[in-house]
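>
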Amino acid sequence: MKPGRIKQILLLTDGCSNHGEDPIAVAALARNQGVTVNVIGVLDDLQDSKPQGLDEVESIAEAGGGVSQIVYQKSLSQTVQMVTRQAMTQTIQGVVNKELQQILGKGQSIEELPPEKRGEVVEVVDDLGETCDLEVLVLVDTSASMHHKLPTVKDALYDLSLSLNARSGSNHFSVFAFPDAKHTIKKMIDWTPELGEIHRVFSKLSSGGYTPTGPALKQALYAFTERPMRSMQDGVDPYEETGF
Amino acid sequence: MKKPDSKLYPGTSVRGKWSGRNYSIIRRLGSGACGTVYLCKNDQGDTYALKVGTDSARMMLEVNMLKKFSKVQGVQLGPYFVDVDDWVAANQVTYPFYVMEYIDGLSMQAFLKGKTKDWIGVCAIQLLTHLEHLHKAGYVFGDLKTDNLLMSKTRVRWIDVGGVTAIGRAIKEYTEFYDRGYWGMGTRKAEPTYDLFAVTMIMMEMAYPHRFEKGAHPRKTLENRVHSSVWLKPYRTFLLQCWQGKFTSATEMKEALSKGMLKRSQAKPVHPKTRAQRKTATASSDYAEMLTLSALVAAFLGISLYSFWL
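Each protein sequence line maps, in turn, to chains A and B.
The UniProt record's numbering numbers the first residue of the first sequence as 1 and each following residue consecutively.
The UniProt record's numbering numbers the first residue of the second sequence as 1 and each following residue consecutively.
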């Protein structure tokens, strides 16, 4: 199988959306466009229980075909890379399962294969995870309550780029922040293979008292659909589908 | 997609859906990243370790690794593989499981209690010997940490080979404390040097059982910690050399460590005296320990040289 391209939005937030359209619906839309939505809810290190409103984190990821996790700041780095990888595997497994159903009939999946066959299939899935191209758009909630968590977010994103760049497949990252008064989301870092130069990001921020997660996700999705123009310059088929 | 975690109680019978083979649970041994390990026995009464998980793809990758790497170049590195199957629990949920050798032993921390600091070096040399074999076979261990090790009598054994990765690929599983990426000392590419760094962190952990965080200047933190530990005093130069990138292979690193340890043993005034003197000496146990240690170190050096020529 030829390695394909996987597209993900990684949403980092600490609260519930309270403005604009339903983020769960937008996540479902993204999934249909071949973009997986992963969500990480970032807790304060002192927070001792899951605050209300973070249920949304799980629902958005569920609708977006991705993975969600609620974590304390100190485990953010490891969680970010784990969630990204897990979602990649999930996407690849989904594609492989579809193929299996075409060959073996309905109801067949990797899990239902006898152990020997399963052993061979998971190796293929693993290989694809190592070699596929990956595009991650990171969408950071920079509303007031997130401000003091942003240094940790930066560390985690740098760490994510370190993890993923050890793979053989190519990586492209971009970072957006929301809310932004004019355009809902604000581009902080344009598509780049590495997130090494992340230190100065988030220095100038406008914060509002609202969290328009849904509209922000939608804008992020547009940012993906604008991507093919760029790819065309690179000589890549602009109508390339995600998947394999 | 999500399954409820399975909890198995002593006496539970786990029957393979595909093979029909039966294992009876004795007790829980521990939990890993993707499942729980139990002590079990089959119908013939042989005891094994049985791992039950929820993510069948990940479990299968582990099985593949176990099959490949329980034995490399005639050396038993991990537990040997016994069986893999699915189990349909009473709640009709299917759980993947596999069966492997049960390795009885102590955790590194428990083993080191009351031992001299020479054992830090001896354990590291054993680890490096294992790594030599694994690296020669084209793989790195990846998630090398004390949780994945057991001291079986005086031998280090690997009990979890789930993180083993082909050289040149990306490390998928790691634990921050042992990860050179976390300490700003390199990439997360699977290279032999990735494991070598983890060995130094295992040595650090022997002196600092509660571990520590990287702080604002990771490298400085490590160096300060090395200098402020009496336990690590004999290994200072060695550790610093490793972090400076002096060692490119497990063999080189092992030789440097062995050399250092043998030299130290000679430097101490423990020359054999007469039998009578030894009997009266209060430090006689010290002497004996030193002698066995030297013998151990020499033996490891011998074994490694031997396998090197093989």
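C-beta atoms are modelled at their ideal positions from N, C-alpha and C, and glycine is treated no differently.
Here the structure is a predicted model, which is why all the values come from computation and not from measurement.
According to the neighbour-count rule (16 or more other Cβ atoms, all chains shown, within 10 Å of its Cβ), is residue 139 of chain B buried or exposed?
buried
> For residue 214 of chain B, name the three-state secondary structure that DSSP assigns.
coil
> Ordered along the chain, which non-local residues of its own chain (more than five positions away) have a Cβ less than 6 Å from that of residue 272 of chain B?
Residue confidence is low: residue 272 of chain B scores 48 on pLDDT, short of 50, so the model does not pin down where it sits. Its coordinate-derived value is still stated next. Closer than 6 Å at Cβ, skipping near neighbours: no residue.
> Given a cut-off of 8 Å, decide if residue 164 of chain A and residue 171 of chain A are closer than it, judged by their beta-carbon atoms.
yes
> Counting only Cβ pairs nearer than 7 Å, list the residues of chain B close to residue 63 of chain A.
Under the 7 Å cutoff, chain B gives no residues; its nearest Cβ is about 14 Å from residue 63 of chain A.
> Any contact of the region 172–185 of chain B with the region 230–242 of chain B, i.e. 3+ C-beta pairs under 8 Å?
no
> Whole angstroms is fine: what's the gap from residue 46 of chain B's alpha carbon to residue 81 of chain A's?
40 Å
> Which same chain residues end up closer than 6 Å to residue 55 of chain A when comparing Cβ atoms and leaving out the 5 residues on each side of it in sequence?
none
> Would the beta-carbon of residue 103 of chain B fall within 8 Å of that of residue 157 of chain B?
yes
> What residues match up with residue 316 of chain B in a beta bridge as DSSP calls it?
Absent from the structure is residue 316 of chain B, since the part of chain B shown begins at 1 and ends at 310.
> Consult DSSP for residue 157 of chain B and reduce its assignment to one of helix, strand or coil.
strand
> Is there a C-beta anywhere in chain A that falls below 8 Å from the one on residue 170 of chain B?
yes
> Determine, using beta carbons only, whether residue 93 of chain A comes closer than 8 Å to chain B.
So yes, residue 93 of chain A belongs to the interface.
> What does the Cβ neighbour count give for residue 186 of chain A, buried or exposed, with the cut at 16 atoms within 10 Å?
buried
> Can you give me the C-alpha to C-alpha distance between residue 88 of chain B and residue 122 of chain B, rounded to a whole angstrom?
45 Å
> Below 8 Å on C-beta distance, what does residue 56 of chain B contact in chain A?
Here the neighbours are 110, 111, 118.
> In the DSSP assignment, find the unbroken beta strand (DSSP E) run with residue 103 of chain B in it and report its ends.
That residue, residue 103 of chain B, is in no beta strand (DSSP E); it is neither H nor E in DSSP.
> To which residues does DSSP link residue 192 of chain A through a beta bridge?
A:173
> Is the beta carbon of residue 198 of chain B within less than 7 Å of some heavy atom of the ligand NAD?
For the ligand NAD, the structure offers nothing, since it holds no ligand at all.
> Determine the direct distance from the alpha carbon of residue 78 of chain A to that of residue 210 of chain A, and round the result to whole angstroms.
So the alpha carbons of these two residues sit roughly 29 Å apart.
> Can you tell me which of the three DSSP states residue 119 of chain A falls into?
In the structure shown, residue 119 of chain A sits in a helix (DSSP, three-state: H, G or I).
> Return the first residue and the last residue of the beta strand (DSSP E) that residue 228 of chain B is part of.
Counting along the chain, residue 228 of chain B falls outside any beta strand (DSSP E), and DSSP gives it neither H nor E.
> Using Cβ-Cβ distances below 8 Å, what residues of the region 177–192 of chain B are close to chain A?
181, 182, 187, 188, 189, 190
> Between the C-alpha atoms of residue 204 of chain B and residue 79 of chain B, what's the straight-line distance to the nearest angstrom?
Distance between the alpha carbons of residue 204 of chain B and residue 79 of chain B is about 26 Å.
> Please report the Cβ distance between residue 4 of chain A and residue 37 of chain A, rounded to the nearest whole angstrom; I am assuming they are in contact, meaning their Cβ atoms lie under 8 Å.
Not quite, the Cβ-Cβ distance comes to about 18 Å (not below 8 Å), so this is no contact.
> From the beta carbon of residue 272 of chain B, is the nearest beta carbon of chain A less than 8 Å away?
Unreliable positioning characterises residue 272 of chain B in this predicted model, as indicated by a pLDDT of 48, which lies under 50. A coordinate reading is not provided.
> Along the chain, where does the beta strand (DSSP E) that runs through residue 26 of chain B open and close?
Start and end: 22–32.
> Quickly, what does DSSP pair residue 87 of chain B with across the bridge? List them, please.
B:95
> Let me see if you follow: with CB-CB separation under 8 Å, is residue 144 of chain A close to chain B or not?
no
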